[in-house]
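As C-alpha cells, the structure follows; a few thoughts come after it.
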Ligand SMILES: Nc1ncnc2c1ncn2[C@@H]1O[C@H](COP(=O)(O)OP(=O)(O)OP(=O)(O)O)[C@@H](O)[C@H]1O
Ligand SMILES: Nc1ncnc2c1ncn2[C@@H]1O[C@H](COP(=O)(O)OP(=O)(O)OP(=O)(O)O)[C@@H](O)[C@H]1O
Ligand SMILES: O=P(O)(O)OC[C@H](O)CO
Ligand SMILES: [Mg+2]
Ligand SMILES: [Mg+2]
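Chains as they are written, first to last, in the working numbering: chain A, 540 to 890; chain B, 540 to 890; chain C, 82 to 375; chain D, 9 to 281; chain E, 91 to 485.
Shown next as C-alpha cells:
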C-alpha cells in the first residue's frame, strides 16, 4: 500500500511562504499530474514528499504512515530531479544501477535492469559515457532511467521530459504510464506540458502560489474548471476570459457584442471560451462575433488567430488551416455549450 | 550586419563524430529554429557558433567575418544555455546585469534594462535572490534575462522555454519574437517544441545525427517534408508512415486496404499521413479505412486515437472530442490531398 | 579538466596569468631541477669546479650503508605516515563539515599542531616521549607498566610517525574541508533517495567527489613523507646533527650541505624525486580509475 | 534534509576525543609556561605557584615585539603574493587549454619534490646579484613568483567549478581576467582561505631563508631566527621556552581563526541546472 | 672607508662583547667599519655554507679547529702567512699548541682566537650534601667512579634517580671519551693512514670504564634523560659533576650554581685532557684583505684578548693575558688558572679533513653502546667501520 496523503502542508523558506495548507490524497496505484505556474511550489512539494525538505507545518503520510520524520531512504521513493543531479563521476550505467547496487542486488540483475531501461530510453549506446559527455536530453533520460530501474512504491517525477523532442516525448509518455501500470506504483508527476498532464494522469492537481486550486480528472478539469485561474491555466492556447454581463442565456461585452451561452446566471461575470471552441463562419452568421485578425500563426495542423473585437482580445484556434490573413475581417461563432462563466471577484465557476 | 554563415562544419569529440559537414546561412535579422532529436548536435552547433567549442572542420562567419579564431566576447553574441549556467554567487539582478557591467554601462542604465527584462520575465520579485533559491523555471527565466538585456547582434537560445508552463511559454514566445524584431538581431533558437518552431521561426533547420536534413520555412517543411525523417519529426503527434504500394492515384497496404492519394507514382513506397488529416466518418463511407480504436487519449480539445488496421498501427487526432471509446470500430477517411509518398530506401519525398 | 581554448586577446591573458609562475619556474625551480640531475653526474664540492663523474654517484648508492639505512627508514615512515595522515584528516574534515556544536573550537584544535612550528612543539614531544618523567611513561608507570624507550632505534619509527601525523592532520583537514564545500548537495539528496547509508554516501559520493582534493593530498603527503625532516630531526637527533632514524632528506642534506658532496646529494635527490614521481603516477592512475579529475 | 542526530552525536564524541589528543601537548605547553623555573621538572600539569612572569621576561630578553612585527610583515606580503600568483596560475591550469599545459604542470609538480636546500644556492646568488641580500625582500619576493603547492591546490579546487560558468561569462563579454576575478575567485573562497593559512604559515615558520638573508641583529630579523638563538641559549629553561613557543604560535592561530569561517562558502553551486 | 663583515656563532651577549671590541678597533682605525653577524651554532654553519657557495662569504669568520681542514681544502680561505711573515711579532706569546691546528703544508689559513681545555666541573652543594670530598688533582678515574656512585641519589625514593653523580656528553669525543681513551693509553684516530683506532685494547679499556660508570652503576644520565633536562646536567641541577671547557662558566654562574673545577682524573696512562681552539679565518674572496687582517690582528692582540678574557667564555691564546688579572680575576671566582695549567697534559683534539663526517659516524655508533642497544664490542666495530668509510670518502 503506497497511497500518499498530504494534509495541511505548509512550507516556508525564511520569511517566504511557498506552500499554504496543501491537502490532497493520492490513492495507491494512482497517477497524479501536478501542474501550476513556474515557481508555484511544485518542486518543493515533491521534495517534501521525498523527505528532502523540512516540513514547516502539516503532515505527509505514505501507506498510512506519517513520514514527517522518516529519512528519505526509508520511504522507498524514486525521484527524477528537475536538474537531473546525475553523479558526475559515474558512467550512465553506474548512475542508473547505483541504487540497486546500494541495495545489494546481484550484478547480473543490475545489468539486466539497466539494459532494459536504457533500451526504453534510447541510451544503449551511451551506457559507458560520463554525464558530462551527454546532451541535455540524454542527461534527462539518464535521470529518468535512474528512477525507473528502482521500481519503488512511489515515483516522483519533476518535469522529466522537458528536454525531449516531440517524438521521444510521445514515446516516453506511453512508457512511463505502462511502467506505472505494470508496477502498480503510485506516481506524482510534475509537468508544464498540458498534453502530458491530460493524457497520462488519472487526476490532475493544479497549484497556484502554493495553494491547491483544483484536483480532478483531466477532462473534468478541462471541461469544468473550478475557477478562472484553472480555466486559464489548463488548455493551450489558453482560454479567453472576458469581463462581460450575463443575462438570460447570453452575455454582452465590449460596446455591444452579444453571444449566447447555456447558462441562466444574471449579473456581471467573466465569460470564458477556449480558442478551439470558435468556428469560422461566413459573414453575418447569427451569434457570430465580427473580429479582425491581428496576427496569424500556423502550427501546421491548425491556425492560431489573434483577433480583437474593439478593445477585447480573443484568440481562436481554427482547424485545418483555413488560410486567414493578418488584417482579415472574420466571423467567429463561439459554441454556447462550451462557454464558461466565472464570478467577477472570486473567479469561482458559476453554474 | 550579422548574418551567420556556416560552411561544411565538422565536429568530433575524440572518435565520436557529432557534426558532419553542416552548411547553412542565416540572413541578417532572421529567426531560425534548430530542431532535431535529442543528441543530434544542436547544442554543439550553438556552442560552436558562440566560440565555446573548437571547430574540427569548416568555418563559421558572422557578418562576413570568419570567426573560427575569434574569442567569444568579440562576437557580440548572447546565449541562453540549456543548463542555465547562472553565476551561483550573484543575485538574479547581478546575473542579468553582468554583461552590461562588463561593457562599462552606467549603473542607472543597467538597472533600467534589468528591471525591464525582469518585468517581461516575471522576475521582479526575485531580483535579489540567489540562483540557488529559485525554482527551475525561474532559473531558466534568469538565464533568458541574461541574454536579452544584452541586445547583441546574434542571439543563441538553447531550449530556453523548456521548463516553463504553457501560459508563460505562449507569452515568452511572443516576447522573444518581439524583441528579435525590435532589435533587428539574428536569432538561432534550439527547441524541441514543434509549436515554438512553427510559430516563431522564419525558417526551421532540421538536424539528424549531425547532418542537416532540411532547412525551410515552417509551413514548407510541414507541408512538404523533404524526407520521411523530417515528415515524422515535424508535427505532433507524428505523421503515420506506412510501407505501401502506390499505383494510379492510390496506395494499398496491409491485407488489402486501399486509399486514394494525389500522386501518380507507381511502385513500393512509404505512405505518410498526419494524424490530424483523418476524418471520422460514418461506417462504410467510400475511401475510409475501417480501424479499431486501441487506446484513446483526450487532450481536452482533441481526441487522440491509436488504432490498428490489421498489423498496421495508425494514430488519428480528431477535433472536438467525438467520444471514441477503446475497442470501438471506427471509419477514418484520410485526406488524399494531404498524403505524402516517400522512397522506400532513401526516404526521399516522391512527387 | 577545463578545455577553454583562448582566442585573440585571451591568449595574452593566459601569458600574463602564467607569467609569475613561469618566471619562478625558469629562474628558480626549473633551473635547480636540471641542475640537480646534472650535478648528480659530477663530483662537486660547491666551491671548486665540478668534475664529471659519470654514473659513479649512482653506482655508489647501494654500497652506502647510511644511504640504504635512510632509504629503508624513509619507506617505512612513508608507508605509515601517508595512509594515516590522509585517512585521519579526511575523517576529521568530514566530521567537521557537519553542523555540530563547538565547530570553531574543533577546527582550531585540530589545526593547532599544524600551525605550530616544529621547533616550538618538537621540544614538547621530546618531553612527552622522555624516558624518565616523560608524560607517556609517567602514565604507563602509574598503571604499573614498564617505561618504554620511545625514541630508541626500534620504537623511534612509530613515535616519529605519530608526531608527524599529529602535525599533519590539520593541514589535510583544511584541504578536505575546502573540497567538501564544493560538493553540490544534490548528490546527497539523490543518494538519500536511492537508499544510501551514511557509509555508502561517504564511499560513493563524498570520496569520488573529493577526488581532486584527495589527489592533491595524497601527492602532497607523499612528498612530505619523503621530505620529512623537522620533527624527525628534533626528536631523534644525535650529537653531530645526525639522527637515530635518518631519512633520505637527512642523507641528502648531510652529504650536500654538511660534507659538500653535491654529486652524491644530487644523485640521492634524483632517486628520491623519482620515487615520488612513480607514486604520483600511481595516484594518477588510481584516480582516473575512480573516475575523478586529476 | 533531515539531520541524522545519532550520527552527529557519534561524530561529536569522536571529534572531541581527537581534539583532546591534538591539543594535549598545548595544554602541557601552556601549563609549563606558567610555572616558575623551580617547578619545571615536577611532572605536574597544574603549576603549584602559577606565574606569568615568563612572558614579560621574554620581552626583556629579546625584542619580541620587533621580531613579531618583522615576521608578520613578511608573512602578510608573502601570503598576498602567493594567493595572487598561485590562484592565477591554478586558474589557467584548471580552465584553459594551451600548448604544453600538462608538461608545464608536471614540471611544476616536480619542483615540489626537490628538497628546498637544492634551490637555496642559486637563489642566493640571484638575490645577491640584485643587491637584495640583507633586506627582507628575498623572504617575500619569491612568493610573487607562484609556487607549486599553491598552484596545485588552487587548480584542484578550480577544477570543481563547472566550466559552464566560465563559458557563460566569456559570452557575456568577460575577459579571462574578469572571469578569474569575478567568478572563480569568489567561488573559491574556502580554498583561498585554506591556502592563505598555509602561505602565512610557511612564511611565518621559515627559518632557513630568514637565517640566510637577514642580518642577524634582533631588530631586523624574524621571530624564527630570534627563537633559534634564544633556544640554544636558554635550553634548560622550559617555562621560558614554552612561553616563547606559545607567543610564536599565537599569531597563526589568530590568522586561522579569522580565516576559518570562510571555509564555508555560503554559496551552493546551484547555478547549473 | 672600508667595511668588513665578521661572522661568528654565539649568544647575543657574546655578540655584544665583540661589538665593543670592534668599537675599540674602529676607534683605532677610523677608516674601517666592522659589521658583526652572530648566529646560533647550527644557523651559523648553515648560513656560512650558503654565503660561501654563493661567492659572498663574510670577510672574517669564526672557525672551529676540527672543521678547519675541510674549509681550507676548498680554497675559500686566505693564506695569512704573508701577513705574518711581514709582521712575525703578531704571534709572539701565543700558546703553540693552539697554533698547531691551523698550520698546513701550504700556509697558515687561520689563527686561533681562544682555546678550551677540558676540566672537571663539580657542584659543591651536592658534594657537601652527600658528604663526599671535592675532587682534586689526586683523583683517578676510579675515584671518580666511586664518588659518582655516591652522588647518585633517588632523593624522593620513588624508584627513579633524580640526581646523578656526573653527566657527560657522549657523542663528541671532546669533553669526555677522548680524555678517557687517551688517559688509558689509547688513541682515537690516525687521519694520515685513514684509520680509526678506538678498538685497540687500550681504548677498549677506556670504553669499558665508561660503560661501568654509565650502564652498570648508572651514575650518569643517558642522552635521552639529558635531552629532557636541556642537555647540560650540571646546569639543570641533576648531576654533581661534568666535563666541559671554559665556555660553561658564565652559564653556570648565571644559573647560581655553587661550583668549581678540578683537573680531569688520572688514568693508567696518566692524566690527559683535550684541548681545542676556535679561530679566525679570512675569506679568500674578501675585497679588503688588509682591513680584515688588521681586525684579526687586533682581536688576537693583547688588547683584544684582554677584553675577550673578560666575558669568561674561553681562555685567551696569549700567555701574558692568560696570566693577567684580566683572565684570572674574572667576576666569577673559580680556579681559572687550571684551564691554562691543563695545557701541559692536553692532547689536541684531532683536526683532519672529514672530521665532521667521521665524528658523526663514530658518535652514532658508539651511542648504541651507551643506550645498551648493542654490546660495546659490536658498537666499536661499527664505529670503526663507519669511521673508516668516512675517512676514505674524504681522502
Ligand atoms: N564532451 C563530449 N564528449 C563526447 N560526446 C559528447 C560530448 N558532448 C556531447 N557529446 C555527444 O554529442 C552529441 C550531440 O550533443 P548535443 O549536446 O549537441 O546534442 P543536442 O542536439 O543539443 O541534444 P539535446 O536536445 O538532447 O540537448 C550527443 O550524442 C552527445 O552525447
Ligand atoms: N532555497 C530557497 N529559498 C528561498 N526561496 C526558495 C528556495 N527554493 C525555492 N524557493 C522559492 O519557492 C518557490 C517555489 O519553488 P519551486 O521550486 O517549488 O517551484 P516550481 O513550482 O517547481 O517551479 P518551476 O516550474 O519553475 O520549477 C519559488 O518561488 C522559489 O523562488
Ligand atoms: O550527508 P551527511 O552530512 O551525513 O554527510 C555524508 C557523509 O559523507 C557520510 O558520512
Ligand atoms: Mg520546479
Ligand atoms: Mg542540447
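All C-beta atoms, glycine included, are put in the ideal place defined by N, C-alpha and C.
Asked                                                                                                                                                                                    : Found
Out of D:267, D:171, D:87, which one is the CA nearest neighbour of residue 99 of chain D?                                                                                               : D:171
Grab the span of the beta strand (DSSP E) containing residue 789 of chain B for me, first residue to last.                                                                               : 789–792
Bridge partners of residue 753 of chain B, per DSSP?                                                                                                                                     : B:745
Kindly say whether residue 143 of chain E, judged by its beta-carbon, lies nearer than 7 Å to any beta-carbon of chain C.                                                                : yes
Is the beta carbon of residue 581 of chain B within less than 6 Å of some heavy atom of ligand 5?                                                                                        : yes
Just checking, does the stretch 320–337 of chain C make contact with the stretch 146–155 of chain C on the three C-beta pairs under 8 Å criterion?                                       : yes
For residue 852 of chain A, count neighbouring C-beta atoms within 10 Å of its own C-beta (all shown protein chains included) and say buried if the count is 16 or more, exposed if not. : exposed
Residues in the stretch 348–363 of chain C with C-beta within 8 Å of chain D's C-beta atoms, listed in sequence order?                                                                   : 350, 353, 354, 357, 358, 361
Work out the CA separation of residue 91 of chain D and residue 158 of chain D for me, nearest whole Å.                                                                                  : 8 Å
When you compare the CB positions of residue 366 of chain E and residue 259 of chain E, do they come within less than 7 Å of one another, or not?                                        : no
Looking at the structure shown, is residue 190 of chain D part of a helix, part of a strand, or coil, going by DSSP?                                                                     : helix
Given that residue 271 of chain C touches chain A, what residues does it touch there, using C-beta distances under 7 Å?                                                                  : 620, 624
Which first and last residues belong to the alpha helix (DSSP H) in which residue 131 of chain E is found?                                                                               : 131–143
Please list, in chain order, the chain B residues whose beta carbon lies closer than 8 Å to that of residue 709 of chain A.                                                              : 775, 776, 777
Skipping 5 residues on each side, what residues in its chain have a beta carbon closer than 7 Å to that of residue 132 of chain D?                                                       : 220
Take residue 290 of chain C as the anchor and find which of C:249, C:354, C:369 has the nearest alpha-carbon.                                                                            : C:369
If distances are taken between C-alpha atoms only, which option among D:208, D:37, D:106, D:251 comes closest to residue 265 of chain D?                                                 : D:208
Just reading off the alpha helix (DSSP H) that residue 708 of chain B is part of, what are its end residues?                                                                             : 705–722
Given that residue 672 of chain B touches chain A, what residues does it touch there, using C-beta distances under 8 Å?                                                                  : 552
Taking 7 Å as the CB-CB limit, is residue 103 of chain D close to chain C?                                                                                                               : yes
Quick check: what's the CA-CA separation for residue 375 of chain C versus residue 156 of chain D?                                                                                       : Here residue 375 of chain C scores only 40 on pLDDT, less than 50, and its place in the model is too uncertain to base an answer on.
What does the alpha-carbon distance come out to for the pair residue 147 of chain E and residue 133 of chain E?                                                                          : 14 Å
Is it true that the CB of residue 848 of chain B sits closer than 7 Å to the CB of residue 869 of chain B?                                                                               : no
On the DSSP bridge list, what partners appear for residue 315 of chain D?                                                                                                                : Residue 315 of chain D is absent from the model: chain D starts at 9 and stops at 281.
Mapping the DSSP letters down to three states, classify residue 408 of chain E as helix, strand or coil.                                                                                 : strand
Does the beta-carbon of residue 193 of chain E have 16 or more other beta-carbons within 10 angstroms, so that it is buried, or is it exposed?                                           : exposed
For ligand 2, any of its heavy atoms closer than 6 Å to the Cβ of residue 893 of chain B?                                                                                                : Residue 893 of chain B falls outside the range modelled here, since chain B spans only 540 to 890, and no answer is possible.
Is the stretch 280–288 of chain C close to the stretch 223–243 of chain D, with three or more CB pairs under 8 Å?                                                                        : no
Is the Cβ of residue 173 of chain D closer than 7 Å to any Cβ of chain B?                                                                                                                : yes
Output, in sequence order along the chain, the residues in the stretch 709–736 of chain B whose CB is closer than 7 Å to any CB in chain D.                                              : none
Tell me where the beta strand (DSSP E) around residue 253 of chain E begins and ends.                                                                                                    : Taken as a continuous stretch (DSSP letters only), residue 253 of chain E belongs to no beta strand (DSSP E), as it is neither H nor E.
Who pairs with residue 194 of chain E in a beta bridge, going by DSSP?                                                                                                                   : E:197
Please list the partners that residue 298 of chain C has in chain A, where partner means a Cβ-to-Cβ separation under 8 Å.                                                                : Going along chain A, no residue has its Cβ under 8 Å from residue 298 of chain C, so there is no contact; the nearest lies around 17 Å.
Since residue 855 of chain B sits in a beta bridge, which residues does DSSP pair it with?                                                                                               : B:844
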